[in-house]
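First to last, the protein sequences are chains D and Y.
The first sequence maps to residues 325 to 742 in the numbering used here.
The second sequence maps to residues 325 to 742 in the numbering used here.
These notes concern the structure reproduced below.
Number of protein chains: 2
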Amino acid sequence: MTLQREIEELASRAKAAAPAVANLGTREKNAWLLRAAERLEAARERVLAANRDDMREAEAKGLAAPMVKRLDLAGGKWRDMLDGLRQVTQLPDPVGEISELRVRPNGLRVGRMRIPLGVIGIIYESRPNVTVDAAALCVKAGNAVILRGGSEAIRSNLALAEELRGAAADTGLPEAAVTVVSTTDRAAIDHLIQLSGLVDLIIPRGGRGLIDRVTSGARVPVIKHDAGVCHVFLDASADAEMARAIVRDSKIRQMAVCNGLETLLCHEAAARRVLPPVLKALHEEGVEIRGCARTREVFAEAVAAHDADWATEYLDKILAVRVVRDMDDAIAHIQRYGTDHTEVIVTNDYGNAQAWTRRVNSSTVGVNCSTAFADGYRLGLGAEIGISTSKLHAFGPMGLEELTTRKFVLFGEGQLRE
Amino acid sequence: MTLQREIEELASRAKAAAPAVANLGTREKNAWLLRAAERLEAARERVLAANRDDMREAEAKGLAAPMVKRLDLAGGKWRDMLDGLRQVTQLPDPVGEISELRVRPNGLRVGRMRIPLGVIGIIYESRPNVTVDAAALCVKAGNAVILRGGSEAIRSNLALAEELRGAAADTGLPEAAVTVVSTTDRAAIDHLIQLSGLVDLIIPRGGRGLIDRVTSGARVPVIKHDAGVCHVFLDASADAEMARAIVRDSKIRQMAVCNGLETLLCHEAAARRVLPPVLKALHEEGVEIRGCARTREVFAEAVAAHDADWATEYLDKILAVRVVRDMDDAIAHIQRYGTDHTEVIVTNDYGNAQAWTRRVNSSTVGVNCSTAFADGYRLGLGAEIGISTSKLHAFGPMGLEELTTRKFVLFGEGQLRE
């Protein structure tokens with residue numbers, strides 16, 4: 325059987341299972357989640373042995389240590405993964421919820437009911453815990469899911485999938501509710517993203533190469549999880565201590581995350597008062613400051629920033645800093661160089677705070693808080709399948725609800741249009 | 325300048341105008357709508373002359389009379405088009421609306437604010453009034469719009485666009501808020517749908533050829549407005565008179581519409597009681613009945629249906645009819661042959677009514693009402709840009725709200741994640 329045919333067949337099986345998954349009750353889905361946690365616990369040694377094989381091979385192939393580390397399922401990761409399954413049982417089931425039920429003048433009652441999307445394909449790299457996390461959320465939202473992880477984690481992913489599917493069999497779910505693509509041939513991705521009619525949504529999570537490959541080849545709708553060049557703007561009225569704390573939390577709490585701060589903008593009226601303490605603190609913690617000419621006037625340790633810096637997602641101990649004329653100038657900079665991800669203003673000016681939240685149309689727009697809140701858990705979604713940088717359907721952190729759509733439901737008593 | 329470069333430039337101008345359009349107040353957008361209606365009224369003779377030229381050329385080219393008729397802007401069409409502009413001023417402005425504002429445990433207030441999508445491309449055929457209708461809705465939702473109508477309506481579309489853009493200049497909107505592609509070269513479509521980063525959404529409205537061309541070539545997100553093979557299912561408990569009226573309204577109120585009835589399914593326990601009066605009425609009005617063997621047993625005037633009939637969108641005086649074992653069988657038929665558009669049950673059984681709305685996951689699912697209610701106006705959206713057959717972002721009739729997305733807005737007082 326050719327690879328193309330193989331991928332088509334597994335997608336057909338997922339599609340055939342989708343109506344049954346869509347019709348599962350909350351209790352059945354939760355039973356599956358708990359059973360999966362039980363089975364994984366019982367299979368722990370087997371799964372971790374497969375995981376160690378993946379790591380050994382990655383090392384042998386010369387993968388960088390941080391990349392090898394991302395594969396690791398042991399220790400805290402394992403516990404978090406199993407806790408995650410149990411936590412998803414606690415999330416409200418979005419399927420079947422009716423909203424906006426209204427009575428039309430002719431007496432027809434019209435509402436909108438939340439329903440699953442159908443079959444969701446997740447294409448990701450390295451971290452094998454995504455296999456479990458993503459399957460849990462997709463199925464809880466009533467979807468069949470096809471998971472395609474990286475080749476470096478294939479043994480781990482297949483070992484995890486065996487327990488997820490075993491739990492499906494144990495609790496009466498169709499096994500095709502969860503499918504892990506077993507081939508490591510990258511061409512499988514190109515086939516999967518062509519299957520319009522069988523796959524309803526593709527979510528690629530990974531580096532630029534993966535995202536580009538998927539978006540350029542897809543005939544299935546795609547929700548991207550792309551780069552974040554996030555900004556903090558220190559307004560003229562910014563409190564220096566708050567600015568220092570927010571910039572620090574946004575930049576160095578975690579470095580390699582898409583909601584991390586990459587470019588700091590500062591109102592020229594605040595540059596002399598606020599920038600030096602803010603940048604000094606970062607610099608002392610080892611962050612390289614790349615500043616515009618006016619930044620370097622007030623902070624001598626800064627090196628010169630170049631135009632490319634404004635558009636760079638460093639994911640590293642580097643911060644680009646630019647002094648701007650005013651908020652308009654800051655917004656123009658973000659519109660030119662930003663990625664519509666996360667932008668925060670630090671201000672004490674009521675009008676500017678309002679205008680910022682109104683005028684900056686990135687997926688997360690904040691006043692006086694860390695950029696690190698651009699996160700499904702932190703924003704109250706309960707869980708997160710990722711952070712969408714696509715505007716359609718879901719923009720920003722995606723939770724369970726974003727893995728569903730809505731249909732119109734009409735309750736009539738014989739109403740005609742004529 | 326090459327065509328590709330030309331399309332790229334006009335999209336760049338739309339993209340550059342998008343933030344200004346997004347920030348327009350409701351009053352400014354309404355002023356533009358009213359001014360556009362005024363200008364069109366004043367330019368009526370000029371526009372209708374261009375429209376007559378289009379129709380003359382279409383006739384000369386041998387276009388079928390109904391197709392030529394669809395081009396016509398005169399008479400009631402003209403009045404409806406202008407009334408439409410004024411009605412859109414009455415619709416609530418979705419932009420800036422904040423919902424789900426909640427306080428997180430750390431005091432951070434998190435809400436979701438509705439924002440425009442950016443630049444929307446509408447690709448359509450024949451009816452030139454779409455130029456005005458679609459522009460009105462897209463701009464009212466805060467978007468810049470690029471309109472690409474059919475070559476057969478090019479003079480009409482350009483004449484209309486001149487007034488829409490003139491109204492923009494008159495009322496302080498960027499002229500690039502509304503762009504009509506002036507070339508009739510179909511390759512313009514292929515270029516437009518590639519402009520990821522400049523165009524945020526493409527909505528194709530038209531025949532299968534257009535939809536396929538757009539979905540297979542697009543690198544921009546697409547919301548399809550595709551075929552509808554809609555079903556009515558007459559349950560065992562269906563009231564015969566209600567069944568007759570609903571089937572008639574669904575089938576022959578208007579024939580060439582995507583929410584029209586194409587296949588009638590009937591519970592075997594109701595076939596003898598309900599089918600004959602229902603089908604007799606239709607047959608007397610000139611509808612050809614194509615039935616399964618059991619249909620032909622109870623209604624001799626039916627001709628034999630073939631497998632292809634179950635998947636056909638006739639848009640004509642033809643109805644496919646099948647007797648099924650029960651509701652499960654009806655749902656299985658719909659899942660196999662349907663297009664996820666509109667499905668109605670006629671029943672007096674409470675449990676089946678509930679199960680139908682829960683289990684049939686088409687974009688409009690009704691109980692005891694006509695399929696013709698699958699329409700933005702009739703469902704209370706106020707207006708309709710079309711009926712989406714895509715599940716992502718908008719599923720079913722799309723109104724103003726579906727031309728927007730939501731961002732997260734965070735109101736903090738210095739909250740950090742660490």
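Virtual Cβ for every residue (Gly too), placed ideally from N, Cα, C.
Bridge partners of residue i, per DSSP?
i      : result
D:L643 : D:I613
Y:L734 : D:G690, Y:V434
D:E667 : D:H555, D:V689
D:Y448 : D:R529
Y:S520 : Y:V523
Y:V443 : Y:A468
Y:T728 : Y:P440
D:V648 : D:H591
Y:Q739 : D:C693
Y:A628 : Y:G615
Looking at the C-beta of residue i, does it have a partner C-beta in chain Y at a distance below 9 Å?
i      : result
D:F557 : no
D:C693 : yes
D:N347 : yes
D:D524 : yes
D:A741 : First, the amino acid is wrong: residue 741 of chain D is Arg here, not Ala. Yes, D:R741 counts as interfacial toward chain Y.
D:T636 : no
D:I331 : no
D:M437 : yes
D:V546 : yes
D:Q414 : no
D:A699 : Sequence check: residue 699 of chain D is Asp here, not Ala. By this cut-off, D:D699 is an interface position.
D:G720 : yes
D:S520 : yes
D:L432 : yes
D:R620 : no
D:S336 : no
D:E737 : yes
D:N354 : no
Which residue comes first and which comes last in the alpha helix (DSSP H) that contains residue i?
i      : result
D:C462 : 453 to 464
D:P416 : Run containing D:P416: none; DSSP gives neither H nor E here.
Y:T713 : Segment: none, Y:T713 is in no alpha helix (DSSP H) and carries neither H nor E.
Y:I658 : 651 to 661
D:L372 : 368 to 384
Y:L488 : 478 to 495
Y:Y674 : 674 to 683
Y:L705 : Looking at the DSSP string, Y:L705 is not in any alpha helix (DSSP H), and its letter there is neither H nor E.
Show which residues of chain Y have a CB atom less than 7 Å away from the CB atom of residue i.
i      : result
D:V733 : T681, V689
D:P343 : Q659
Taking CB distances under 9 Å as the criterion, tell me whether residue i reaches chain D.
i      : result
Y:P440 : yes
Y:N375 : no
Y:V668 : yes
Y:T729 : yes
Y:N676 : no
Y:A696 : yes
Whose Cβ in chain Y lies nearer than 8 Å to the Cβ of residue i?
i      : result
D:E608 : Those within 8 Å of D:E608 in chain Y number zero; the least Cβ separation is about 17 Å.
D:N663 : The sequence shown places Thr at residue 663 of chain D, not Asn. Those do not exist, as D:T663 stays about 11 Å from chain Y at its closest Cβ, beyond 8 Å.
Let me check you understand the geometry: is the CB of residue i closer than 8 Å to at least one non-hydrogen atom of the ligand HEM?
i      : result
D:M722 : In terms of ligand content, the structure shown is empty, and the ligand HEM therefore cannot be addressed.
For residue i, which residues in chain D fall below 9 Å Cβ to Cβ?
i      : result
Y:P600 : Within 9 Å Cβ-Cβ: nothing; Y:P600 doesn't reach chain D, min ~20 Å.
Y:R577 : L740, R741, E742
Y:R489 : Ordered by position in chain D, no residue passes the 9 Å Cβ test against Y:R489, which lies about 23 Å from the chain.
So the beta strand (DSSP E) residue i belongs to, where does it begin and stop?
i      : result
D:S423 : 422 to 427
D:I547 : That residue, D:I547, is in no beta strand (DSSP E); it is neither H nor E in DSSP.
D:P721 : 720 to 722
D:V504 : 502 to 504
Could you tell me which chain D residues have their CB closer than 8 Å to the CB of residue i, listed as they occur along the chain?
i      : result
Y:R426 : G704
Y:T539 : S520, R543
Y:G531 : Residues of chain D passing the Cβ test: none, with the nearest at roughly 18 Å.
query = If you measure beta-carbon to beta-carbon, which residues of the stretch 442 to 465 of chain D are closer than 9 Å to chain Y?
reply = G442
ask   = the stretch 703 to 718 of chain Y: which residues have C-beta closer than 8 Å to a C-beta of chain D, in chain order?
value = L703, G704, S714, K715, L716, H717
inquiry  = Please list, in chain order, the residues of the stretch 549 to 574 of chain Y that have any C-beta partner in chain D closer than 9 Å.
reply    = Within the stretch 549 to 574 of chain Y, the qualifying residues are D563, E565, M566, A569, I570, R572, D573, S574.
query = Looking at chain D, which residues of the stretch 469 to 480 of chain Y have a Cβ within less than 9 Å of any of its Cβ atoms?
reply = Against chain D - using a Cβ distance shorter than 9 Å - the stretch 469 to 480 of chain Y contributes no residues.
key: Residues from the stretch 361 to 391 of chain Y in contact with chain D, defined by Cβ distance under 9 Å   = none
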